[in-house]
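Asker: Per the numbering used here, the very first residue in the sequence shown carries number 1; after that it's consecutive.
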Amino acid sequence: MNMNEVDKLLPVNIFRITIGCSTVLGNCFLLYLFYKFPRLRHSQANLLLIFINIYDLLIGIGITDRGIYAIYATANNITLFDRMTCLNVSSIQSSAITGMQAMIIAISVDRCLAVFKPVRYAKNDSRLFVYCAAAISIACSAVLSVIYRVNVDPIPVTVCSTGAAQTALYAMANQIYSTIFLILLF
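1. Does DSSP classify Phe81 as helix, strand or coil?
2. Taking C-beta to C-beta, are Gly219 and Asn27 nearer than 8 Å?
3. Quick one: grab the DSSP three-state call for Val115.
4. With distances taken Cα to Cα, identify the nearest neighbour of Ser83 among Phe15, Arg16, Arg149 and Asn13.
5. Determine the burial state of Asp110: buried for a count of at least 16 other Cβ atoms within 10 Å of its Cβ, exposed for fewer.
6. I need the DSSP call for Val152, collapsed to helix, strand or coil.
7. Leaving out five residues before and five after Leu31 in sequence, what residues of the same chain have Cβ atoms less than 8 Å from its Cβ?
8. Leaving aside the five residues before and after Val24 along the sequence, list all residues of the same chain whose C-beta is less than 8 Å from its C-beta, in chain order.
9. For Val152 and Tyr131, what's the separation of their Cα atoms in angstroms?
10. For Gln101 and Phe181, which I take to be in contact (beta-carbon distance under 8 Å), what is that distance rounded to the nearest angstrom?
11. Between which two residues does the alpha helix (DSSP H) carrying Val146 extend?
12. Hey, could you find the ends of the alpha helix (DSSP H) Thr167 is sitting in?
13. In the DSSP assignment, the alpha helix (DSSP H) including Val24 goes from what residue to what residue?
14. Could you check what DSSP says for Val6 in three-state terms: helix, strand or coil?
15. Taking Cβ positions, are Leu80 and Ala165 nearer each other than 8 Å?
16. From the DSSP output, in three-state form, read off Val89 for me.
17. Helix, strand or coil for Val109 per DSSP?
18. Look up Val157 in the DSSP assignment and give the residues it is bridged to.
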């Protein structure tokens, strides 16, 4: 069974939608807690977690969107997919993953500072680091979202996924971004 056949299975797509909806509900609940209890928003680490929650919420929406589109394509017997349509269906999820990677680096730097400079870290009330991390995260997502759509090949694909529909430029840019991410993480 190849990926094209797996993507058309109704149980797989129902599972995809269930996971997406669970992710959305769970992250909405966490964001509600951050909203309801202002004390949770005072810590630098918690502010970074808010951004992780937002990106995870977007990933849940993207997973649900892909599941619904796969069911729609199967019901309408669509076997060849326009690459731009596939990129648009996957764009929320791809952008959120890109942004989340930058926030993971920010959290690892934050935790590293908490371990190596605990006294200085405890006195730090500045939100500058959080805002810089958020700006870098959003900028990376925006840049890769634009590159995502440059020179899209008009030849249709048989599997509607980011991997099958991506352009050579996006593949290279994503490889560079992911390599930088891994180097910074370790």
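Ideal Cβ positions, reconstructed from N, Cα and C, are used throughout, including at glycine. For clarity, every value in this text was computed on a predicted model and none was experimentally measured.
Answerer: In terms of the structure at hand:
1. strand
2. What is shown of the chain runs 1 to 186, which leaves residue 219 out entirely.
3. helix
4. Residue identity differs from the one stated: residue 83 is Arg in this sequence, not Ser. Nearest of Phe15, Arg16, Arg149 and Asn13 to Arg83, Cα basis: Arg149.
5. buried
6. coil
7. Ile50, Asn53, Ile54 and Leu57
8. Leu57, Gly60, Ile61 and Thr64
9. 33 Å
10. 5 Å
11. Leu128 to Ile147
12. Element bounds for Thr167: n/a, residue is neither H nor E.
13. Leu10 to Lys36
14. helix
15. no
16. helix
17. helix
18. Phe81
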